[in-house]
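What follows is a single structure, written as structure tokens, with notes after it.
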Amino acid sequence: MKMTHENAASEQHKKNHKGSAELVKSAIIYVALAVVVWLGTTIITPQGGVHVAGIVYKTFSGVLAIIAAVFVLIGLIQVWLTPEQVSKVLGKEAGWKGLLLSATLPMILGGSLFVIFPLLKTLREKGARTSSVVAFLFAWSAKAPLLPLEIKFLGLPFAALRLVSIPVLAILGGLLAEWIIDKPLRDAGLEIPER
Amino acid sequence: MSISTIYILVAAGLLVFSFIKNREKTTKALMVAGRVALMVLPVLLFVFVLMGILEVFVPREVFTSLLGSGHGVLGIVLGELLGVFALIEPAAVFPFAGFLHQSGASYGAVVGFVMSAILIGIVTLPLEIQQFGARFTITRNVVALLLIFGLGLVFMVAL
């Protein structure tokens, strides 16, 4: 049983993981789109076009080093600490400790919702409580690997306040969502964590 | 030493440490980094162009009146809405959020935008319903929108 769930999750993962050819294609589309929109602007207002080019150059040159560091960080986190490993740790813990870990550990993870959803489904099927699943999502939204970018564009006070608020938000959100989602089960007098 | 230099040094240090620990994993990490770069850089270029164009064509007052602190708590709601419909990479969320703040958006509206752009996606909604069911999905998203609104209030008061 356990294996099939894991296989299903990794299948889903592969399905949502873009292949290299697709990646190049979407890269070309975005660059082309940017160039077309910029050219359009330049035709309408040449001065505006120069202004836009200036902003793009200034912003890019200001963040390139930070972004390179962030990319390396994301790569390292992805190979040394996979979402699967984190969910394995969480699967072992129940009760308040489980909720507390779900509200903090995923903060360091990267990845997109496309990767996180199938993983959380597996976690839920293995018996994780609704509160832990929802808390995991909230905590993951911290996106700690992107912290250097956040500090650069929004300032340290903003980034720090968001970072410390997220575990609180995750616990509140987890409990509130569980209270609503599991209500029919409670009313029917059923055991809640069993799925 | 600038912040950028410190980040680069930290990343390089971690990379060397990782390489000593495990060569294969480190090579894989660099490949992941390359993939992420290929995925994110073009989106960033597009978002930066978009920021420039908004600056050229949309008067500052529009942002200030819609998302500014003068617009009060409604600015947070609009920030959240903008985030829900923003289809951008998380890495591009922060530069755009910075642009919104510079254009006059309050920190409450900005955090509303950032959180809902990361946590709530209309693109991923079908996947969430497929995996968890409609009851879970609706509750999860509504709870998220409400709590993000609360967070917006905290940011408005604190920052």
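Taken in sequence, the protein lines are chains V and W. For the first sequence, position 138 (counting from the first letter as 1) is numbered 138 according to this note's numbering, and the numbering increases by one without interruption. For the second sequence, position 5 (counting from the first letter as 1) is numbered 200 according to this note's numbering, and the numbering increases by one without interruption. Note that CB positions come from ideal geometry on N, CA and C, so glycine has one too.
Residue i versus the options, residue with shortest Cα-Cα distance
{"i": "leucine 348 of chain W", "options": "W/Val268, W/Val318, W/Leu273", "result": "W/Val268"}
{"i": "valine 318 of chain W", "options": "V/Leu119, V/Leu81, V/Arg124, V/Phe114", "result": "V/Phe114"}
{"i": "valine 288 of chain W", "options": "W/Leu225, W/Thr334, W/Pro321, W/Leu240", "result": "W/Leu240"}
{"i": "leucine 261 of chain W", "options": "W/Ile198, W/Gly247, W/Leu276, W/Thr222", "result": "W/Leu276"}
{"i": "isoleucine 343 of chain W", "options": "W/Thr332, W/Ile333, W/Val305", "result": "W/Val305"}
{"i": "leucine 169 of chain V", "options": "W/Met196, W/Leu314, W/Gly247", "result": "W/Leu314"}
{"i": "phenylalanine 138 of chain V", "options": "V/Gly110, V/Tyr30, V/Ala32", "result": "V/Gly110"}
{"i": "isoleucine 28 of chain V", "options": "W/Glu219, W/Met234, W/Val227", "result": "W/Met234"}
{"i": "proline 285 of chain W", "options": "V/Leu120, V/Val35, V/Leu147", "result": "V/Leu147"}
{"i": "valine 70 of chain V", "options": "W/Leu245, W/Ala228, W/Val251, W/Phe327", "result": "W/Ala228"}
{"i": "lysine 121 of chain V", "options": "V/Ile171, V/Ala94, V/Leu154, V/Pro83", "result": "V/Pro83"}
{"i": "leucine 105 of chain V", "options": "V/Ile77, V/Ala32, V/Glu125, V/Arg124", "result": "V/Ile77"}
{"i": "glycine 75 of chain V", "options": "W/Leu341, W/Leu245, W/Ser213, W/Gly270", "result": "W/Ser213"}
{"i": "glutamate 112 of chain V", "options": "V/Trp140, V/Pro46, V/Glu93, V/Val86", "result": "Just to set this straight, residue 112 of chain V is serine in the shown sequence, not glutamate. Looking at the Cα atoms, V/Trp140 is the closest of the given residues."}
{"i": "alanine 92 of chain V", "options": "V/Pro184, V/Ala142, V/Ala128, V/Leu156", "result": "Going by the sequence as given, residue 92 of chain V is lysine instead of alanine. Measuring from the Cα of lysine 92 of chain V, the nearest candidate turns out to be V/Ala128."}
{"i": "isoleucine 203 of chain W", "options": "V/Val164, V/Leu149, V/Leu185", "result": "V/Leu149"}
{"i": "valine 205 of chain W", "options": "V/Ile66, V/Asp187, V/Phe117, V/Gly189", "result": "V/Ile66"}
{"i": "alanine 135 of chain V", "options": "V/Ser87, V/Gly54, V/Val63", "result": "V/Ser87"}
{"i": "leucine 172 of chain V", "options": "V/Lys152, V/Phe158, V/Trp96", "result": "V/Trp96"}
{"i": "valine 338 of chain W", "options": "W/Met310, W/Val244, W/Gln325", "result": "W/Met310"}
Sequence-distant residues of the same chain with beta carbon closer than 8 Å to residue i, five excluded per side
{"i": "isoleucine 283 of chain W", "result": "Val238, Val242, Phe291, Ala312"}
{"i": "valine 272 of chain W", "result": "Gly307, Phe344"}
Neighbour flag for residue i against chain V, beta carbons, 8 Å
{"i": "arginine 218 of chain W", "result": "no"}
{"i": "isoleucine 203 of chain W", "result": "yes"}
{"i": "leucine 282 of chain W", "result": "no"}
{"i": "serine 298 of chain W", "result": "no"}
{"i": "proline 237 of chain W", "result": "yes"}
{"i": "methionine 310 of chain W", "result": "yes"}
{"i": "arginine 230 of chain W", "result": "yes"}
{"i": "phenylalanine 289 of chain W", "result": "yes"}
{"i": "alanine 286 of chain W", "result": "yes"}
{"i": "serine 301 of chain W", "result": "no"}
{"i": "leucine 348 of chain W", "result": "no"}
Residue i at chain W interface by Cβ criterion, 8 Å
{"i": "tryptophan 96 of chain V", "result": "no"}
{"i": "alanine 8 of chain V", "result": "Caution is warranted here: a pLDDT of 48 is assigned to alanine 8 of chain V, below 50, making its placement in the model unreliable, and no coordinate value can be reported."}
{"i": "glutamate 150 of chain V", "result": "yes"}
{"i": "glycine 173 of chain V", "result": "yes"}
{"i": "alanine 21 of chain V", "result": "no"}
{"i": "isoleucine 43 of chain V", "result": "no"}
{"i": "glycine 48 of chain V", "result": "yes"}
{"i": "alanine 139 of chain V", "result": "no"}
{"i": "serine 165 of chain V", "result": "yes"}
{"i": "lysine 143 of chain V", "result": "yes"}
{"i": "histidine 5 of chain V", "result": "Confidence at histidine 5 of chain V is low in this model, with a pLDDT of 48, below 50, so the placement of that residue should be treated as unreliable; the coordinate-derived value is given next. No - not a single Cβ of chain W is within 8 Å of the one on histidine 5 of chain V."}
{"i": "leucine 156 of chain V", "result": "no"}
{"i": "leucine 176 of chain V", "result": "yes"}
{"i": "valine 31 of chain V", "result": "yes"}
{"i": "lysine 25 of chain V", "result": "no"}
{"i": "glutamate 11 of chain V", "result": "Because glutamate 11 of chain V sits at a pLDDT of 49, beneath the cut-off of 50, its placement in the model cannot be relied upon, and the following sentence gives the value as read from the coordinates. With 8 Å as the cut-off, glutamate 11 of chain V does not count as an interface residue toward chain W."}
{"i": "valine 89 of chain V", "result": "no"}
Cβ shell of residue i (< 7 Å), same chain only, five flanking positions each side left out
{"i": "phenylalanine 355 of chain W", "result": "With chain W covering 196 to 354 only, the question about residue 355 of chain W has no answer from this structure."}
{"i": "serine 132 of chain V", "result": "Leu90, Gly98, Leu99, Ser102, Gly174"}
{"i": "leucine 354 of chain W", "result": "Tyr302"}
{"i": "asparagine 336 of chain W", "result": "Ile315"}
{"i": "valine 211 of chain W", "result": "none"}
{"i": "phenylalanine 350 of chain W", "result": "Tyr302, Gly303, Val306"}
Cβ-heavy atom distance, residue i to the ligand SAM, below 7 Å
{"i": "tyrosine 202 of chain W", "result": "The ligand SAM is not part of this structure, which contains no ligands at all."}
Neighbourhood of residue i by C-beta, 6 Å cutoff - its chain only, sequence neighbours within 5 removed
{"i": "alanine 281 of chain W", "result": "Ala312"}
{"i": "threonine 130 of chain V", "result": "Glu178, Ile181, Asp182"}
{"i": "isoleucine 108 of chain V", "result": "Ala144"}
{"i": "leucine 161 of chain V", "result": "none"}
is_contact[residue i, chain A] using C-beta, thresh 8 Å
{"i": "glutamate 250 of chain W", "result": "In the displayed structure, chain A is absent; the protein chains listed are V and W."}
*Mind listing which residues of the region 68-85 of chain V have their C-beta closer than 9 Å to chain W's C-betas, in chain order?*
Ala68, Ala69, Val70, Phe71, Val72, Leu73, Ile74, Gly75, Leu76, Ile77, Gln78, Val79, Trp80
_the region 324-345 of chain W: positions lying closer than 7 Å to chain V by Cβ_ = Gln326, Phe327, Arg330, Phe331, Thr334, Arg335, Val338, Ala339, Leu342
*Can you give me, in chain order, the residues of the region 260-282 of chain W that have a beta carbon less than 7 Å from any beta carbon in chain V?*
none
*Using a Cβ-Cβ cut-off of less than 9 Å, give me the residues of the region 99-113 of chain V that come near chain W, in sequence order.*
If the cut-off is 9 Å between Cβ atoms, the region 99-113 of chain V has Gly110, Ser112, Leu113 near chain W.
_Contact list for the region 55-68 of chain V against chain W, Cβ threshold 8 Å_ = Residues passing the 8 Å Cβ filter: Ile55, Val56, Thr59, Phe60, Val63, Ala65, Ile66, Ile67, Ala68.
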